[in-house]
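Asker:
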Amino acid sequence: MATDYASDKIRNVVLLGHSHDGKTMLAEAMLFASGAVARMGAPDQATATTDFEPEEHKRKISITLGVAFAEHNGHKINILDAPGFFDFAGQVISGLRAAEGAVVVVGPTAQLAVGTEVAWEFCNRSSKPRIVVVNKLDKENSDFYGAVAAMRETLSPRPFPLHLPIGAEQDFRGIVDLLHLKAFVTAEDGKGSEVPIPDDMKERVEEYRGQLIEAAAESDDSLLEKYLDAGTLSEEEIQRGLREGILQGKVAPVVCCSATKLLGVRTLMSTIAELMPPPEAEPDKPVKAFVFSTGGDQFGRVSYFKVIAGTVKADAHLPNLSRGGEERLAQIFFPRGKEHVAAAEVHAGDIAAATKLTHTLTGDTLGLKDGGPLPALDLPGPAYSLAITPKARGDEEKISSGLARLSEEDPTLHVERVEETKQLVIAGLGDVHLDVTLEKLKRKYGVEATTQAPRVAYRETVSSHSRAEGRHVKQSGGHGQYGICVIEVNPTKRGEGFVWEDKIFGGAIPQNFRASVQKGIVDNMAKGVVAGYPMVDVKVTLVDGKYHQVDSNDMAFQIAGS
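Take the sequence shown: its letter number 39 is residue 337 in the numbering used here, and every next letter is one higher.
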């Protein structure tokens, strides 16, 4: 059973950044360094804790939001490992929603990656405090100071060093902590030992510590006043100013790391515990939890949730405030990749998961009816689509049900049967997104599919004003048919649809037959008048007509209108 933590001892962080800059490896290093896992895995060996889907192993990239936790210095750090590939941006948004802060992982070069800028923009949009980790500093041609300069030139808030590297490339062996003015070198087991600050670094340390103090002072008026009077701040004051500056989005400290060699990993976790904000939890309020992600493992569908208020207990029955019904959370647990660490209860601010919820999907709120549901996730719309058909005859039902389940796990996957083209169409954020969907469809539901570009569902419209007379007259003895209508047709604005206006005054056409004219027009628009495609964005005005006292009827005016 897992240890309980008060809200102020919990840190929820999402790892963001460019693909292949080492987010998943950093998550693995944090888990290993904290003793959460006995052996350090690696994404390229298909052994990373947070990458356990076969599709992730095949591509050696993260596809889903990995969820795990580490315990360090009396704090619980919930680690949300987000994909760096934009096709899976929905997972990034889910992670940002659950986390109070971000750890932006960047490569050790002077060239700023596109994924870093995208991650930064995500943080800015959601007003997330952030720490930057320059990873892979043991690699050839790594350049910590070049990486910092590139970020400072482009990003706002401007990052600045909190740690400086001792050594470079293969000689990278430790860090200088500018906040505590201490130096550490790390052995192969990841354990650090304090050493004197190297003499050849003292001048640079003094320069960057001065920048650190200025940044801390600028975050708080009282600290700024003291700094201007005394010219310096105490360690506690610097820490307070940095914490406030990070929370306000004015400060983005940069730390050093080599995840594969465990260099700087423990100091990173200490920095997260010291400087990143705890969750804004309400432990004494009625229970409320937000489902930020949905996945699947050997136990079935897994719903990942963050407790916003109160305490969620095992076997609790909670209403779904977003879509109705009630859920029984028979078993709740703290996820560590695909490992389930049993939990008797989950306190406000913490992250946990439950299996086999019946109605609940990503973005739903569970809890007592106090204040209603929380806002749903603001996810990007589809950018790429494919028409899909099963390879084997008779698999139509399997493919439909399989896609329905996959779209429940992934709300950025859209599935639609287009009536005009008679095609089943899937749409997502890119070709890799849909390729992964097809692989999951085959692996989980045993359905192979063929794809093609969707046929275009064309529409017809008019481009200018016109006037026309519709006539349907059959009078050859006996009961006949008689209907005449005069209409004017004009284009409307894009997306306005069909607009009907009746401008007949007097009794040129009785009121009951005017509706018949409208029905005939609408029916004919559905068939199209030029190429057989539905007509849209048209205004039709009925201006005149004639009727016969005996021979006029509903059908006659429908035909006249068509």
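Heads up, the beta-carbon is just placed ideally off N, CA and C, and yes, glycines get one too.
1. Mind pulling the alpha helix (DSSP H) runs of 4 or more residues that sit fully within the stretch 683–756?
2. If you pair each beta-carbon of the stretch 777–788 with each one of the stretch 835–846, do three or more pairs fall below 8 Å?
3. Helix, strand or coil, according to DSSP, for residue 409 in the structure here?
4. If contact is defined by three or more beta carbon pairs under 8 Å, each pair taking one atom from either stretch, is the stretch 309–321 in contact with the stretch 400–420?
5. So the candidates are 648, 591 and 628; which of them puts its Cα closest to the Cα of residue 709?
6. Applying the criterion that 16 or more other CB atoms from any shown protein chain within 10 Å of the CB defines a buried residue, is residue 328 buried or exposed?
7. For residue 505 and residue 394, what's the separation of their Cα atoms in angstroms?
8. Alpha carbon to alpha carbon, how far is residue 679 from residue 515?
9. I think residue 439 touches residue 376, with their Cβ atoms under 8 Å apart; what is that distance to the nearest whole Å?
10. Along the chain, where does the beta strand (DSSP E) containing residue 343 start, and where does it finish?
11. Taking the beta carbon of residue 343 as the centre, do at least 16 other beta carbons fall within 10 Å, making it buried, or is it exposed?
12. Rounded to the nearest angstrom, what separates residue 337 and residue 347 at their Cα positions?
13. Kindly identify the DSSP beta-bridge partner or partners of residue 651.
14. Run through the DSSP bridge pairs and tell me what residue 309 is partnered with.
15. Name the DSSP beta bridge partners of residue 618, please?
16. Would you report the Cα separation of residue 820 and residue 669, rounded to the nearest angstrom?
17. Please classify residue 810 as buried or exposed, where buried requires at least 16 neighbouring CB atoms within 10 angstroms.
18. Using the three-state DSSP reduction, which class does residue 764 fall into: helix, strand or coil?
19. Mind checking whether residue 619 and residue 625 have CB atoms under 7 Å apart?
20. At 4 residues or longer, what runs of the alpha helix (DSSP H) sit wholly inside the stretch 489–542?
21. If you run the structure through DSSP and keep just helix, strand and coil, what is residue 848?
22. Would you report the Cα separation of residue 527 and residue 519, rounded to the nearest angstrom?
23. How many angstroms separate the CA atom of residue 456 from the CA atom of residue 426?
24. Taking residue 352 as part of the alpha helix (DSSP H), name the residues at either end of that continuous run.
25. State yes or no: is the C-beta of residue 650 within less than 7 Å of the C-beta of residue 323?
26. When we look at the beta-carbon of residue 853 and count the other beta-carbons within 10 Å, is it buried (16 or more) or exposed?
27. Alpha carbon to alpha carbon, how far is residue 420 from residue 740? Give it in angstroms, no decimals.
28. Under three-state DSSP, which class holds residue 443?
29. So the candidates are 759, 787 and 771; which of them puts its Cα closest to the Cα of residue 765?
30. Is there contact here, the stretch 673–690 with the stretch 543–563, by at least three beta-carbon pairs under 8 Å?
31. Among 691, 623, 609 and 655, which one has its Cα closest to the Cα of residue 598?
32. Taking its Cβ as the centre, do 16 or more other Cβ atoms sit within 10 Å of residue 593, making it buried, or is it exposed?
33. Going by CA-CA distance only, name the one from 411, 582 and 795 that's closest to residue 445.
34. Mapping DSSP to helix, strand and coil, what is residue 319?
35. Measuring CB to CB, does residue 408 end up less than 7 Å from residue 441?
36. Might you give, ordered along the chain, the residues of its own chain that have their beta carbon closer than 8 Å to the beta carbon of residue 447, omitting 5 neighbours on each side?
Answerer: According to the structure data:
1. 694–707 and 729–743
2. Result yes; three or more Cβ-Cβ pairs closer than 8 Å.
3. Here residue 409 refers to the residue found at position 111 of the sequence shown. If DSSP states are grouped into helix, strand and coil, residue 409 belongs with coil.
4. yes
5. Residue 709 sits at position 411 when you count from the first residue of the sequence shown. Looking at the Cα atoms, 591 is the closest of the given residues.
6. On the sequence shown, residue 328 is found 30 positions in, with the first residue counted as 1. Taking every protein chain shown into account, the CB of residue 328 has 16 or more other CB atoms within 10 angstroms, so this residue is buried.
7. Here the question's residue 505 lines up with position 207 in the sequence shown. Here the question's residue 394 lines up with position 96 in the sequence shown. Each residue's alpha carbon lies about 34 Å from the other.
8. Position 381 of the sequence shown holds residue 679. Position 217 of the sequence shown holds residue 515. The alpha-carbon atoms of residue 679 and residue 515 are separated by roughly 42 Å.
9. Here residue 439 refers to the residue found at position 141 of the sequence shown. Here residue 376 refers to the residue found at position 78 of the sequence shown. Contact between residue 439 and residue 376 does not hold, since the beta-carbon distance rounds to 34 Å and is not under 8 Å.
10. Counting from 1 along the sequence shown, the entry for residue 343 is found at position 45. From DSSP, residue 343 is part of no beta strand (DSSP E); its letter is neither H nor E.
11. Along the sequence shown, read from residue 1 onward, the residue named residue 343 stands at position 45. The C-beta of residue 343 has fewer than 16 other C-beta atoms within 10 Å across all chains shown, which makes the residue exposed.
12. Residue 337 sits at position 39 when you count from the first residue of the sequence shown. Residue 347 sits at position 49 when you count from the first residue of the sequence shown. Cα-Cα distance, rounded: 10 Å.
13. Sequence index remark: in the sequence shown, residue 651 carries index 353 (1-based). According to DSSP, residue 651 bridges with 602 and 631.
14. Counting from 1 along the sequence shown, the entry for residue 309 is found at position 11. Partner(s): 375.
15. Indexing the sequence shown from 1 puts residue 618 at position 320. Residue pairing for residue 618: DSSP places it in a beta bridge opposite 664.
16. Numbered from 1 along the sequence shown, position 522 holds the residue referred to as residue 820. Numbered from 1 along the sequence shown, position 371 holds the residue referred to as residue 669. Taking the straight line from one Cα to the other gives about 44 Å.
17. Locating residue 810 in the sequence shown gives position 512, where the first residue counts as 1. By the 10 Å Cβ count, residue 810 comes out exposed.
18. Within the sequence shown, residue 764 is the residue found at index 466, counting from 1. Strand, per DSSP.
19. As a working note, residue 619 is residue 321 in the sequence shown. As a working note, residue 625 is residue 327 in the sequence shown. Contact: no.
20. 500–515 and 519–528
21. As a position in the sequence shown, residue 848 is number 550, starting the count at 1. Collapsing the DSSP output to three states places residue 848 in coil.
22. Position 229 of the sequence shown, counted from the start, is the residue given in the question as residue 527. Position 221 of the sequence shown, counted from the start, is the residue given in the question as residue 519. Near 12 Å, if we compare the C-alpha coordinates of residue 519 and residue 527.
23. Counting from 1 along the sequence shown, the entry for residue 456 is found at position 158. Counting from 1 along the sequence shown, the entry for residue 426 is found at position 128. For residue 456 and residue 426, the distance between alpha carbons rounds to 14 Å.
24. Here the question's residue 352 lines up with position 54 in the sequence shown. From DSSP, the alpha helix (DSSP H) with residue 352 extends over 352–357.
25. Stepping through the sequence shown from its first residue, residue 650 is reached at position 352. Stepping through the sequence shown from its first residue, residue 323 is reached at position 25. It is not a contact, given that the beta carbons lie outside the stated cut-off.
26. Within the sequence shown, the letter at position 555 stands for residue 853. It is exposed - the Cβ of residue 853 has fewer than 16 other Cβ atoms within 10 Å.
27. Your numbering for residue 740 matches position 442 in the sequence shown. Your numbering for residue 420 matches position 122 in the sequence shown. Residue 740 and residue 420 have their C-alpha atoms some 33 Å from each other.
28. Translated into the one-based positions of the sequence shown, residue 443 becomes position 145. DSSP places residue 443 in helix when its eight states are reduced to three.
29. As a first step, residue 765 is located in the sequence shown; it is residue number 467 there, counting from the start. Nearest option by C-alpha distance: 787.
30. no
31. Residue mapping note: residue 598 aligns to position 300 of the sequence shown, counting from 1. Taking only the C-alpha atoms, the option nearest residue 598 is 655.
32. To locate residue 593, count along the sequence shown from 1; it is residue 295. Buried: at least 16 other Cβ atoms inside 10 Å.
33. The residue given as residue 445 occupies position 147 in the sequence shown. Nearest of 411, 582 and 795 to residue 445, Cα basis: 411.
34. Here residue 319 refers to the residue found at position 21 when the sequence shown is read from its first residue. Three-state DSSP puts residue 319 in coil, outside helix and strand.
35. The residue you call residue 408 lines up with position 110 of the sequence shown. The residue you call residue 441 lines up with position 143 of the sequence shown. For residue 408 and residue 441, yes; Cβs fall inside 7 Å.
36. Indexing the sequence shown from 1 puts residue 447 at position 149. Correct list, in chain order: 408.
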